[in-house]
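Residue numbers (my numbering), protein chains in the order written: chain D, 45 to 547; chain G, 45 to 547. Built from N, CA and C at the ideal position, the CB exists for glycine as well.
Number of protein chains: 2
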Amino acid sequence: MNTACRSLLSTVGRRALLNATRVQHVHKAAAASSPAEPLVQGEPNGPSMKTVIPGPKSIALREELAHIQNSDAVFFFADYEKSIGNYLADIDGNVMLDTYMQISSIPLGYNHPDLMKLTQSREYQALSVNRPALGNMPDRNFVQRLHGALMSIAPKGHKHVQTMSCGSCSNENAYKVIFIWYNQKLRGGKPYTDEDLQQCLVNQGPACPDLSLLSFKGAFHGRTLGCLATTHTKHVHKRDVPSRDWPVASFPKYKYPLEQNVDYNAKEDLRCLQEVEELFKAYKNKGRPVAGVVVEPIQAEGGDVHGSPNFFRELQRITKKNGAALLIDEVQTGGGSTGTLWAHEQFGLESPPDIVTFSKKMTTGGYYYTDEMHMSEAYRIFNTWLGDPTKIMLLEEFVKVMQRDNLLDVVRRTSSTLEAGLGDIQHQFPKLVANSRGRGTFRAFDLPSMEARDKFVNEMRNAGVQIGGSGPNSVRLRPALIFQPRHAELFLDIMSQVLRSKF
Amino acid sequence: MNTACRSLLSTVGRRALLNATRVQHVHKAAAASSPAEPLVQGEPNGPSMKTVIPGPKSIALREELAHIQNSDAVFFFADYEKSIGNYLADIDGNVMLDTYMQISSIPLGYNHPDLMKLTQSREYQALSVNRPALGNMPDRNFVQRLHGALMSIAPKGHKHVQTMSCGSCSNENAYKVIFIWYNQKLRGGKPYTDEDLQQCLVNQGPACPDLSLLSFKGAFHGRTLGCLATTHTKHVHKRDVPSRDWPVASFPKYKYPLEQNVDYNAKEDLRCLQEVEELFKAYKNKGRPVAGVVVEPIQAEGGDVHGSPNFFRELQRITKKNGAALLIDEVQTGGGSTGTLWAHEQFGLESPPDIVTFSKKMTTGGYYYTDEMHMSEAYRIFNTWLGDPTKIMLLEEFVKVMQRDNLLDVVRRTSSTLEAGLGDIQHQFPKLVANSRGRGTFRAFDLPSMEARDKFVNEMRNAGVQIGGSGPNSVRLRPALIFQPRHAELFLDIMSQVLRSKF
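Here it is in structure tokens:
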């Protein structure tokens with residue numbers, strides 16, 4: 045055990061670990077739950093179910109879709125024009141309270157009036173029809189919009205951003221940035237020969253170096269071929285597809301409640317960090333050095349698996365020590381649902397992560413990066429669209445509404461309601477619900493098995509609550525930022541009823 | 045030389061080769077150029093230039109953008125609200141005739157009234173604000189829209205389509221489809237053991253097989269890590285990024301005019317096809333069999349490099365013989381600009397290509413695939429958004445307008461004007477312009493050097509014509525489908541003036 049790892053077991057480390065899955069209530073005054081007015085007008089008082097899900101109309105359409113593409117993942121067909129706020133309508137006349145929000149996207153709920161108004165502007169419409177190649181011919185308001193939408197909410201220490209279309213493209217391009225940065229550093233400014241440059245066109249020679257990225261077991265970073273080499277959640281994503289021999293370290297698996305398992309969990313951090321150190325060495329010796337470490341602040345698809353702030357601080361330290369870059373993938377956690385704009389802001393990192401990727405709730409994909417990761421040459425990172433200015437416009441409006449309506453406070457208040465309520469439910473149904481955990485409204489709990497979890501998600505849907513599964517036996521909440529304590533209370537009531545009547 | 049390759053030199057082969065870069069004028073009646081009314085009202089009569097490009101306002105904004113991201117690739121900042129039809133306005137008051145259309149996208153020109161009207165519909169606005177996870181909760185009109193937008197213009201023999209967000213994601217996912225299909229075939233239905241499935245989560249074992257894709261020198265299929273392993277145009281895309289040892293074959297390089305170089309060009313086909321055959325063998329022997337061949341109908345970024353119909357027919361035959369899949373990447377060629385909806389329709393292939401990818405002019409990304417490539421299991425191909433229904437709505441409207449306004453006829457008529465006019469210019473400026481080639485309005489010609497090409501593109505822009513470069517010394521035209529003979533004539537006039545006055 046080296047000195048750094050030993051320090052993990054220090055008092056500081058233990059205290060930090062206790063904070064691993066609890067949002068810090070910065071604004072104590074806002075912490076009391078209150079029966080505030082709904083943030084979006086026109087929401088119903090609760091769900092309204094006419095059929096089981098999927099209803100007959102959804103089943104018929106799903107069969108029709110099956111002629112064109114595999115439609116087995118379709119839950120139901122939605123009526124987005126009839127949906128409002130936290131409520132999602134389907135084509136069979138059902139209206140559900142949505143705690144999942146299109147797989148953790150949709151920051152302001154359905155048909156938010158400010159966003160709807162934005163789409164009626166001539167500028168939004170023109171940019172919809174005239175989608176620019178943003179790298180060559182950006183629109184007149186592009187720079188101003190980058191400031192309003194993206195720089196105004198940048199993670200601390202970040203002054204640069206690159207937009208992309210989706211989460212996978214964001215990670216793919218961020219991986220390239222890391223490889224380019226690392227390899228240039230490794231070469232110490234030595235230029236390539238003409239032969240090197242010719243060879244790299246056909247994937248050979250020193251200009252196509254043998255480098256790797258370190259990722260974690262249970263991680264999810266996307267499904268395109270580069271991302272997929274760092275995704276380790278389910279074999280349905282991986283089977284039959286060639287991958288890369290890149291290092292994969294263990295991610296901490298804590299015992300809950302955290303207060304009662306401090307020593308075990310600190311050792312768990314230590315075990316994983318030691319693996320990281322060993323993999324850095326092993327891949328260097330193999331001739332395939334680790335250029336970067338890619339990690340989610342909370343493993344989401346993997347089943348809401350949390351690491352402690354201390355784990356992340358030590359991970360950053362080890363990464364730096366090895367000359368590699370740290371990429372924090374906030375595709376699912378970014379945008380406020382953890383109670384801070386960026387989940388990693390709760391870790392107290394010594395310095396900004398080198399790259400932070402985003403998408404989903406952020407409406408546009410992209411990544412923030414530090415000065416050191418800046419490309420000094422045009423076209424190193426490029427594609428036709430480089431994102432979509434209409435998505436950046438929507439994000440800019442989202443940011444305005446978030447600030448105007450104090451939505452991070454709403455998240456923190458709702459978080460308290462959920463944490464307390466799920467604690468009670470865990471107490472009431474000790475054989476059914478366990479390991480309640482989360483930051484902000486980014487919460488999860490476990491059921492005893494995959495079968496029980498799948499049954500729970502279905503029964504909740506039939507009882508009028510749309511909720512998500514993740515990992516082998518977890519249930520995840522991913523509501524919009526307008527999910528208020530009143531909605532949380534309704535959710536908790538319905539959950540109790542479902543557990544009581546269906547299990 | 046095997047029998048199949050010998051057949052290339054048959055009379056049929058020679059005749060086919062002559063068609064390599066000439067669009068077939070199916071509608072002879074429409075071939076005569078006519079001074080028709082403009083298809084989009086409100087277009088100016090010609091460009092109007094106030095400054096050199098970039099103008100002072102663009103330069104100032106570009107400097108501001110440089111604080112946030114590398115902005116060296118920015119030509120100018122555009123004013124999309126002031127742009128109309130084939131004319132692109134910038135923020136310095138310049139109005140240019142656009143023959144490049146946002147890197148070959150924008151099918152109907154700027155602010156087309158039918159598309160603008162669509163964006164004013166409540167459905168468009170709701171789907172903008174409530175972007176669905178199309179794989180889980182598609183909107184009520186999704187199936188109908190897939191029919192109207194995508195199935196109605198599917199390549200012959202294709203009954204399936206999967207939407208994606210962009211061209212790279214389309215190729216990345218199409219590559220996965222090919223690997224999954226090939227590996228399942230290779231295993232002959234043998235199920236994986238639990239150990240295999242566990243191993244593949246960390247990129248190991250038989251469920252992560254060592255397979256490859258064959259691509260061509262000079263090909264461009266995108267810049268994400270999987271796509272990049274099949275892209276071979278410029279080292280700026282490839283340098284410092286790890287790649288794959290996958291086979292890369294030569295792509296034919298013809299001598300022009302085709303009529304005078306029949307034997308040379310037929311041998312060129314033969315040489316490349318023999319390389320393909322050899323690479324299939326070599327990679328099989330290496331233990332890394334070729335699961336698929338990925339090819340553009342016209343190498344676009346590579347410099348508008350054409351293969352003959354016979355080359356493609358033979359390539360399909362060799363691919364089939366080796367049990368691999370043929371992916372035709374129509375990201376740049378799809379959507380009508382070659383004179384047919386899909387460029388590969390001009391090759392007379394024996395059977396439909398296994399996969400056809402698209403994006404750009406098609407507004408949405410995605411791919412068509414044959415029955416055999418169908419995934420029988422949910423979540424094999426999946427991501428959060430799977431494209432964007434607003435883009436499919438725009439495509440549906442584009443398809444309606446294309447049919448109503450006979451835009452493929454317009455393309456064919458404009459093609460004749462361009463082909464004749466560029467032929468004349470080549471004759472007038474034999475030391476400057478060579479190798480005029482193309483299908484439809486998807487045209488290119490060469491200048492003597494990269495420097496001359498870059499100068500030409502800049503001088504054309506300053507003379508009021510936006511045009512693109514490609515390959516080492518080529519110039520590419522990628523106008524919208526509303527680029528009429530009148531616009532072509534204007535373009536040819538300005539080009540003659542620039543060649544006369546600036547070279």
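Exercise. Quick one: Cα of residue 112 of chain D to Cα of residue 266 of chain D, how far?
Worked result: Translated into the one-based positions of the first sequence, residue 112 of chain D becomes position 68. Translated into the one-based positions of the first sequence, residue 266 of chain D becomes position 222. Each residue's Cα considered, the two are about 24 Å apart.
Exercise. Run through DSSP, which three-state label would residue 325 of chain G get?
Worked result: Sequence index remark: in the second sequence, residue 325 of chain G carries index 281 (1-based). Three-state DSSP puts residue 325 of chain G in a helix.
Exercise. Can you tell me the Cα-Cα spacing of residue 414 of chain G and residue 220 of chain G, whole angstroms?
Worked result: Against the second sequence, residue 414 of chain G aligns to sequence position 370. Against the second sequence, residue 220 of chain G aligns to sequence position 176. Those two C-alpha atoms are separated by around 15 Å.
For this session: List the residues of chain G whose Cβ lies closer than 7 Å to the Cβ of residue 268 of chain D, in chain order.
Result: The count along the first sequence starts at 1 and reaches residue 268 of chain D at position 224. Under the 7 Å cutoff, chain G gives 213, 216, 268 and 270.
Exercise. Shorter than 8 Å from the beta carbon of residue 244 of chain G to some beta carbon of chain D?
Worked result: For the purposes of this step, residue 244 of chain G is taken as the residue at position 200 of the second sequence. So, interface residue.
Problem set entry | Bridge-paired residues (DSSP) for residue 413 of chain G | Along the second sequence, read from residue 1 onward, the residue named residue 413 of chain G stands at position 369. DSSP, once it has assigned bridges, lists G:204 and G:399 as partnering residue 413 of chain G.
Problem set entry | Three-state secondary structure (DSSP) of residue 462 of chain G | Sequence index remark: in the second sequence, residue 462 of chain G carries index 418 (1-based). It is helical.
Exercise. Going along the stretch 118-146 of chain D in order, which residues come within less than 7 Å of chain A, judged by CB to CB distance?
Worked result: No chain A appears in the structure shown, which is made up of the protein chains D and G.
For this session: Anything in the stretch 315-346 of chain D with a Cβ closer than 9 Å to a Cβ of chain G? List those residues in chain order, please.
Result: Per Cβ criterion, the list reads 332 and 335.
Problem set entry | Length of the line joining the Cα atoms of residue 445 of chain D and residue 160 of chain D | Within the first sequence, residue 445 of chain D is the residue found at index 401, counting from 1. Within the first sequence, residue 160 of chain D is the residue found at index 116, counting from 1. Between residue 445 of chain D and residue 160 of chain D, the C-alpha separation is close to 13 Å.
For this session: Write down the C-beta distance between residue 171 of chain D and residue 434 of chain D rounded to the nearest angstrom, noting that I regard them as a contact closer than 8 Å.
Result: Within the first sequence, residue 171 of chain D is the residue found at index 127, counting from 1. Within the first sequence, residue 434 of chain D is the residue found at index 390, counting from 1. About 5 Å; that satisfies the 8 Å criterion.
Exercise. By DSSP, does residue 136 of chain G sit in helix, in strand, or in coil?
Worked result: Along the second sequence, read from residue 1 onward, the residue named residue 136 of chain G stands at position 92. Coil, per DSSP.
For this session: Just list the alpha helix (DSSP H) runs in the stretch 416-450 of chain G, keeping only unbroken ones of 4 residues or longer that don't cross its boundaries, in chain order.
Result: 433-448
Exercise. Using a Cβ-Cβ cut-off of 6 Å (strictly less than) and excluding sequence neighbours within five positions of residue 630 of chain G, which residues of its own chain qualify?
Worked result: Since the first residue shown for chain G is 45 and the last is 547, residue 630 of chain G is missing from the structure and cannot be characterised.
Exercise. Any idea if residue 363 of chain D is buried or exposed, counting beta-carbon neighbours within 10 angstroms, 16 or more meaning buried?
Worked result: As a first step, residue 363 of chain D is located in the first sequence; it is residue number 319 there, counting from the start. When all chains shown are included, residue 363 of chain D counts as buried.
For this session: Anything in chain D within Cβ reach of residue 531 of chain G, meaning under 8 Å, just list it in chain order.
Result: Indexing the second sequence from 1 puts residue 531 of chain G at position 487. Against residue 531 of chain G, chain D offers no close residue; the least beta-carbon distance is about 18 Å (beta-carbon pairs closer than 8 Å).
Exercise. By the 10 Å Cβ neighbour count, where 16 or more other Cβ atoms means buried, how is residue 233 of chain G classified, buried or exposed?
Worked result: As a position in the second sequence, residue 233 of chain G is number 189, starting the count at 1. Around the C-beta of residue 233 of chain G, fewer than 16 other C-beta atoms lie within 10 Å, and the residue is accordingly described as exposed.
Problem set entry | Own chain residues within Cβ distance below 6 Å of residue 324 of chain G, not counting five before or after | By 1-based counting over the second sequence, the position of residue 324 of chain G is 280. Shown here for residue 324 of chain G: same chain residues with a beta carbon closer than 6 Å to its own, the five before and five after excluded, namely 334 and 366 in chain order.
Exercise. For residue 167 of chain G, which residues in chain D fall below 7 Å Cβ to Cβ?
Worked result: Here residue 167 of chain G is taken as the residue at index 123 of the second sequence, counted from 1. Going along chain D in sequence order, the residues near residue 167 of chain G (Cβ under 7 Å) are 125.
For this session: Starting from the Cα of residue 332 of chain G, find the closest Cα among G:536, G:437, G:106 and G:226 and give me that residue.
Result: Position 288 of the second sequence, counted from the start, is the residue given in the question as residue 332 of chain G. Out of G:536, G:437, G:106 and G:226, G:226 has the C-alpha closest to the C-alpha of residue 332 of chain G.
Problem set entry | Contact check, residue 437 of chain G vs residue 189 of chain G, beta carbons under 8 Å | Residue 437 of chain G sits at position 393 when you count from the first residue of the second sequence. Residue 189 of chain G sits at position 145 when you count from the first residue of the second sequence. Cβ distance < 8 Å, so residue 437 of chain G and residue 189 of chain G count as in contact.
Problem set entry | 6 Å CB neighbourhood of residue 114 of chain D in its chain, flanking five on each side removed | Here the question's residue 114 of chain D lines up with position 70 in the first sequence. Excluding sequence neighbours, residue 114 of chain D sits near nothing in its chain.
For this session: Could you tell me which chain G residues have their CB closer than 8 Å to the CB of residue 520 of chain D, listed as they occur along the chain?
Result: Working through the first sequence from its first residue, we reach residue 520 of chain D at position 476. What residue 520 of chain D touches in chain G: nothing, since even the nearest Cβ is about 14 Å away.
Exercise. What residue does the beta strand (DSSP E) around residue 125 of chain G start on, and which one ends it?
Worked result: As a first step, residue 125 of chain G is located in the second sequence; it is residue number 81 there, counting from the start. First-last of the beta strand (DSSP E) with residue 125 of chain G: 122-128.
For this session: Kindly give me the distance between the Cβ atoms of residue 348 of chain D and residue 482 of chain D, rounded to whole angstroms, as I take these residues to be in contact under 8 Å.
Result: Start at 1 with the first residue of the first sequence, and residue 348 of chain D comes out as number 304. Start at 1 with the first residue of the first sequence, and residue 482 of chain D comes out as number 438. Confirmed, about 7 Å.
Exercise. Would you say residue 417 of chain D reaches chain G, if we count a Cβ-Cβ gap shorter than 8 Å as a contact?
Worked result: Working through the first sequence from its first residue, we reach residue 417 of chain D at position 373. It does not; no Cβ of chain G falls within 8 Å.
Exercise. Under a CB-based cut-off of 8 Å, is residue 187 of chain D close to chain G?
Worked result: Taking the first residue of the first sequence as 1, we reach residue 187 of chain D at position 143. Interface residue, yes.
Exercise. For residue 550 of chain G versus residue 123 of chain G, is the C-beta distance shorter than 8 Å?
Worked result: Only positions 45 to 547 of chain G appear in the structure, and residue 550 of chain G is not among them; the question remains open.
Exercise. What does residue 494 of chain D reach in chain G if we use C-beta pairs closer than 8 Å?
Worked result: What you label residue 494 of chain D is simply residue 450 of the first sequence in a count that begins at 1. Within 8 Å Cβ-Cβ: nothing; residue 494 of chain D doesn't reach chain G, min ~14 Å.
Problem set entry | residue 357 of chain G - DSSP class collapsed to helix/strand/coil | As a first step, residue 357 of chain G is located in the second sequence; it is residue number 313 there, counting from the start. Helix, per DSSP.
Exercise. How should residue 154 of chain G be labelled, buried or exposed, when 16 other C-beta atoms within 10 angstroms of its C-beta is the threshold for buried?
Worked result: Along the second sequence, one-based indexing puts residue 154 of chain G at 110. Buried, since its Cβ has 16 or more Cβ neighbours within 10 Å.
Exercise. Just the Cα atoms here: how many angstroms apart are residue 95 of chain G and residue 486 of chain G?
Worked result: What you label residue 95 of chain G is simply residue 51 of the second sequence in a count that begins at 1. What you label residue 486 of chain G is simply residue 442 of the second sequence in a count that begins at 1. Approximately 29 Å, taken between the alpha carbons.
Exercise. Below 8 Å between beta carbons: does that hold for residue 263 of chain D and residue 295 of chain D?
Worked result: Residue numbering aside, residue 263 of chain D sits at position 219 when the first sequence is read from its first letter. Residue numbering aside, residue 295 of chain D sits at position 251 when the first sequence is read from its first letter. Cβ atoms of residue 263 of chain D and residue 295 of chain D: closer than 8 Å.
For this session: Just the chain D side, please: which residues come within less than 7 Å of residue 204 of chain G by C-beta, in chain order?
Result: Indexing the second sequence from 1 puts residue 204 of chain G at position 160. Simply 112 and 113.
Exercise. How about residue 336 of chain G and residue 230 of chain G: are their beta carbons less than 8 Å apart?
Worked result: The sequence position of residue 336 of chain G within the second sequence is 292, counting from 1. The sequence position of residue 230 of chain G within the second sequence is 186, counting from 1. Against a cut-off of 8 Å, the Cβ pair of residue 230 of chain G and residue 336 of chain G comes out as no contact.
Exercise. Should the stretch 175-193 of chain D be regarded as contacting the stretch 381-394 of chain D, the criterion being three or more beta carbon pairs within less than 8 Å?
Worked result: Not touching, per the Cβ criterion.
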